[in-house]
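> Encoded as structure tokens, here's the structure I'll be asking about.
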Amino acid sequence: MSVLPADGAGPASAGTDVPDGDVLVRIEHVTKHFPVRTGGLIRRTVGQVQAVDDVSLVIPRGKTLGLVGETGSGKSTLARCVAGLIPVTGGRVTFDGRDITNLSRRAMRPFRRDIQMIFQDPYSSLNPRRRVGAIIGDPFAIHKTATGNERKRQVQELMERVGLNPEHYNRFPAEFSGGQRQRIGVARALALRPKLIICDEPVSALDVSIQAQVLNLLTDLQKDYGLTYLFIAHDLEVVSHVSDSVAVMYLGRIGEVGPEGAVYGSPRHPYTAALLSAAPAADPDTAASRQRIILTGDVPSPIDPPSGCRFHPRCPKAQPLCAEQEPQLEAKPGDVETHQTACHFPVVPGEDLAAAAAGRSEVA
Amino acid sequence: MTSISEIEFEAKGADAAQDSSARVEGRSQWQLTWRRLRSDKVAIGAMIVVAVMVVLAIAAPVFVAITHHPPNIAYPNTGENVAGNPVGPGTNGFWLGTDGTGRDLFIRILYGARISLFVGVVTTAIGTVAGVSIGLMAGYFGGIIDTVLARFTDAVLAFPYIVLALALAVVLGPSLSVIIGVISFFAWAGIARIVRGQTLSIKEKEYIEAARSLGAGPFRIMFSDILPNLLAPVLVLATLYIPQAVVFEATLSYLGLGIQPPTASWGNILADAQNFYQTSWWYVVFPALALLITTLAFNLLGDGIRDAMDPRTERVLAGRRRRRRRRAQVAATSGGSPDFPDSARQATQG
């Protein structure tokens, strides 16, 4: 019972059974299009990159929603829409019961304290010319919550909390390793005691051993401060490790959403199944016996997405209906109400998708 | 799917190792720059010359006290010869001779240095502050603000500045403040253009987005996040603009539209000197040398700072040093031609 599509997402929407007080973030039909303009003196809009299209999600308080999908599926764009860093084209984002869609910078300011971000690249997300103390102290300075020695004391407390040596207060980011730099980013996000932290691929740029440290740190912090995470990653193992529920994005749409165990245990969307089959398995015994579902073709352009189900040109189970009618996100027979899939022909447990995919690629 | 926790143990050990190895005290960018600058003999020489110039200019009244020759007092008896021409260097206590009206040329050059350096530094400071602000705003805000500011910058850069300076000096009447205003007006454009370009690239960095997500306002982002990344190129540009401003001031004064006599300036000393160049070489040579040495020193210093700011130069210099050392070793061991050891060997084989 952790993640649910918001009201009105589909005929079988189950968003109503989560009391409003338990929901921290409600994303309703959020759409983000980037105009494609011609160069030259008179710039005409010739198209729209449909980065995020009609996405509805709910993040319960104190839980972690994992958002997976390949590069270009719109994960980061959705995160930036939720963080209020870019305006949305359509839809609504509610935080803690209040509408924060497209607020002005001034109106957004009080919410900034509650919504923080951890960025993907620990190298480019820290200003190379500023000292660590100044970087972590920035939130205090911007929101004028602490000054002088009090700020320094709080910054050093934060550094200690995230596992950095507080004596390194006066160092530059270049003097830290990737993992330590990401800890600095975590400390900065944590400074104002936010309610929601949006983690945009926080460990993708790190070594596997360092990934574990940072993930464990994030989990500990969630326990201690009751944080809610929107956790974006393309690494399925990482998402499985931290998430209570998982949403799978493909080409700007949510393909499947549900509790972590349900989505990983019995994926219903063919894309989820293919993703899971492609993830490297840590255990060589199971790895050998596994069947990989090989998808054909590339991800289509988000400027001109396929009709109907956006996955149909690559789907091993595609039927003529898939190109015509857009599938709604709904619970499939046999699934829990919160496990919802946008697919006309969901995968049946035990079905051999790999063979279907192989057959399809022969035809192609 | 929980293999991550298995490496946790090892990871903790790795973190501890990192901590102990990171104990080497880090150096800031400025310390590194200074270290590189120190090994650049030309830049250090230029810096000493600039420092000497500044000290001489500041100490000009001290030299007046020593020589008893105030800058604007003419000495018709000791400072001019029978024909009424200036006396040469070393004559009658005039260290560098006298000028056309019998004033101490050395003292006047020192007072000229005060004006030149003051104008050079003040106009560069004004131009740098204005250029950085305009460049940051154009680059950060973009859109219509950028279009207006960038076109204005281009227009100023394209303007025939001597013509405008002359026109302004004629209309407003020549004075120190007009000169400073005119030179400052042309100082900012070049800096603004560079700063705008750098801002455009820096504002796409993730740390700028991080600052925005913290709720930082545009001016905070511009001045405390972007500006520190621009200090290096701005410092170089500013150092290189000082000599230009000095020459600009000298030009205006030479044309009679800058510093007005009897106040001494290198430009107006040179203008007066052109009537005497056939009889009194020192009258032309010394103020011209002062101008040349000052501008050259500032230019060399600017080049040195630019090289020192660029982390790649150290590697280039180190590589050159290493190559030179290796060549010296080859020469010492083989005793043959150190530069072409391979061709020499081939020649003996053939």
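From first to last, the protein sequence lines stand for chains V and W.
Just so we're aligned, residue 1 is where the first sequence starts under this note's numbering, counting upward by one.
Just so we're aligned, residue 1001 is where the second sequence starts under this note's numbering, counting upward by one.
Don't be surprised by glycine CBs; every beta carbon is placed ideally from N, CA and C.
1) Find out if the Cβ-Cβ distance for the pair Gly133 of chain V, Val162 of chain V is shorter than 8 Å.
2) Which value, in whole angstroms, describes the spacing of the CA atoms of Asp304 of chain V and Gln50 of chain V?
3) Flag His143 of chain V as yes if its beta-carbon sits less than 8 Å from any beta-carbon of chain W, otherwise no.
4) Going along the chain, which residues of its own chain have a beta-carbon closer than 7 Å to the beta-carbon of Arg193 of chain V, five neighbours each way excluded?
5) Could you pull out every residue in the same chain whose Cβ sits closer than 8 Å to the Cβ of Ala1271 of chain W, ignoring the five residues on either side in sequence?
6) The alpha helix (DSSP H) with Asp1272 of chain W in it runs from where to where?
7) Does Cys199 of chain V come out as helix, strand or coil in the three-state DSSP assignment?
8) Count the CB pairs spanning the stretch 1236 to 1249 of chain W and the stretch 1117 to 1130 of chain W that are closer than 8 Å, and state whether there are at least three.
9) Going by DSSP, what residues sit across from Tyr250 of chain V in a beta bridge?
10) With 16 as the cutoff for other CB atoms within 10 Å, does Trp1188 of chain W come out buried or exposed?
11) Pull out every residue of the stretch 1129 to 1159 of chain W whose Cβ sits closer than 7 Å to any Cβ of chain V, in chain order.
12) Would you call Phe1223 of chain W buried or exposed, if buried means 16 or more other Cβ atoms sit within 10 Å of its Cβ?
13) Helix or strand or just coil, what does DSSP make of Thr38 of chain V?
14) Establish whether the CB of Arg1108 of chain W and some CB of chain V are separated by less than 8 Å.
15) Apart from the five residues just before and just after Ala1264 of chain W, which ones in its own chain have a Cβ nearer than 6 Å to its Cβ?
16) Within 10 Å of its beta-carbon, does Val1024 of chain W have 16 or more other beta-carbons around it, so buried, or fewer, so exposed?
17) Tell me Lys376 of chain V's beta-bridge partners as DSSP assigns them.
18) Which residues of chain V have a Cβ atom closer than 7 Å to the Cβ of Asp1225 of chain W, listed in chain order?
19) Tell me which residues share the same chain as Val1182 of chain W and place their Cβ nearer than 6 Å to its Cβ, disregarding the 5 neighbours each side in the sequence.
20) Quick one: which chain V residues come within Cβ less than 7 Å of Arg1212 of chain W?
21) When DSSP builds the beta bridges, which residues end up paired with Pro60 of chain V?
22) Can you tell me whether Asp1099 of chain W is buried or exposed? The criterion is at least 16 other CB atoms within 10 Å of its CB, across all chains shown.
23) Based on Cα-Cα distance, which residue from V:Arg268, V:Ala205, V:Gly84 lies nearest to Phe345 of chain V?
24) Here's the rule: buried if 16 or more other CB atoms are within 10 angstroms of the residue's CB, otherwise exposed. What is Pro349 of chain V?
25) Which residues in chain V sit within 7 Å of Lys1205 of chain W, going by Cβ to Cβ distance?
26) Report buried or exposed for Ile1162 of chain W, applying the criterion of at least 16 other Cβ atoms within 10 angstroms of its Cβ.
27) Could you list the residues in the stretch 1180 to 1210 of chain W with a C-beta less than 7 Å from some C-beta on chain V, going in chain order?
28) So, does the CB of Gly1026 of chain W fall closer than 8 Å to a CB anywhere in chain V?
29) Going by the DSSP bridge assignment, what does Glu1080 of chain W pair with across the sheet?
30) Does Glu956 of chain W come out as helix, strand or coil in the three-state DSSP assignment?
31) Measure the beta-carbon distance from Gly185 of chain V to Phe119 of chain V and round it to whole angstroms, keeping in mind my assumption that it falls under 8 Å.
32) Going by DSSP in three states, Pro349 of chain V sits in which element: helix, strand or coil?
33) Can you name the residues that DSSP bridges to Leu1056 of chain W?
34) Could one say the Cβ of Arg151 of chain V lies closer than 8 Å to chain W's Cβ atoms, at least one of them?
35) Near Ile1191 of chain W, what residues of its chain come up, given a Cβ to Cβ distance below 7 Å and the 5 sequence neighbours on each side ignored?
36) With DSSP as the reference, label Ala205 of chain V as helix, strand or coil.
According to the structure data:
1) No; because the gap between Cβ atoms is not below 8 Å, this pair is not in contact.
2) Between the alpha carbons of Asp304 of chain V and Gln50 of chain V lies a distance of about 8 Å.
3) Interface flag for His143 of chain V against chain W is set, since a Cβ pair is found closer than 8 Å.
4) The beta carbon of Arg193 of chain V sits closer than 7 Å to the beta carbons of Tyr225 from its chain, once the five residues preceding and following it are set aside; these are given in chain order.
5) Here the set comprises Ser1253, Tyr1254, Leu1255, Gly1256.
6) Where Asp1272 of chain W is concerned, the enclosing alpha helix (DSSP H) starts and stops at 1266 to 1273.
7) The answer is strand: DSSP assigns Cys199 of chain V an E or B state.
8) Counting Cβ pairs under 8 Å, three or more are found: they touch.
9) Partner(s): V:Arg253.
10) Label assigned to Trp1188 of chain W: buried.
11) Closer than 7 Å at the C-beta level to chain V, one finds no residue of the stretch 1129 to 1159 of chain W.
12) With fewer than 16 other Cβ atoms from the protein chains shown falling within 10 Å of its own Cβ, Phe1223 of chain W counts as exposed.
13) Under the three-state reduction of DSSP, Thr38 of chain V is assigned to coil, being neither helix nor strand.
14) No - not a single Cβ of chain V is within 8 Å of the one on Arg1108 of chain W.
15) For Ala1264 of chain W, the CB contacts under 6 Å within the same chain, skipping 5 residues up- and downstream, are Pro1071, Arg1108, Tyr1111, Gly1112 in chain order.
16) Low confidence applies here, because Val1024 of chain W scores a pLDDT of 44, under 50, leaving its location unreliable; read the following figure in that light. It is exposed - the Cβ of Val1024 of chain W has fewer than 16 other Cβ atoms within 10 Å.
17) Here chain V has residues from 1 to 364 only, and residue 376 of chain V is not among them.
18) Ordered by position in chain V, the residues that pass the 7 Å Cβ test against Asp1225 of chain W are Asn127.
19) Only Ala1165, Leu1168 meet the Cβ criterion.
20) Annotation: Cβ neighbours of Arg1212 of chain W in chain V (cutoff 7 Å, chain order): Leu85.
21) In the DSSP assignment, the residues bridged to Pro60 of chain V are V:Val23.
22) By the neighbour-count rule (16 or more Cβ atoms within 10 Å), Asp1099 of chain W is buried.
23) It is V:Arg268 whose Cα lies nearest to the Cα of Phe345 of chain V.
24) Around the CB of Pro349 of chain V, fewer than 16 other CB atoms lie within 10 Å, so the residue is classed as exposed.
25) Neighbours of Lys1205 of chain W on chain V, chain order: Ser124.
26) By the 16-neighbour rule on beta-carbons within 10 angstroms, Ile1162 of chain W is exposed.
27) Within the stretch 1180 to 1210 of chain W, the residues whose Cβ lies closer than 7 Å to some Cβ of chain V are Lys1205, Glu1206, Tyr1207, Glu1209, Ala1210, listed in chain order.
28) Summary for Gly1026 of chain W: the model assigns pLDDT 48, below 50, so the residue's position carries little reliability, and this model does not support an answer.
29) W:Pro1086.
30) Because residue 956 of chain W is not part of the residues shown, which for chain W are 1001 to 1350, the question remains open.
31) Confirmed, about 6 Å.
32) When secondary structure is reduced to three states using DSSP, Pro349 of chain V falls in the coil class, being assigned neither helix nor strand.
33) BP columns for Leu1056 of chain W are empty, so no partner.
34) So, not an interface residue.
35) Contacts found: Gly1127, Thr1128, Gly1131, Val1132, Gly1135, Val1234, Leu1237.
36) Judged by DSSP in its simplified three-state form, Ala205 of chain V adopts coil rather than helix or strand.
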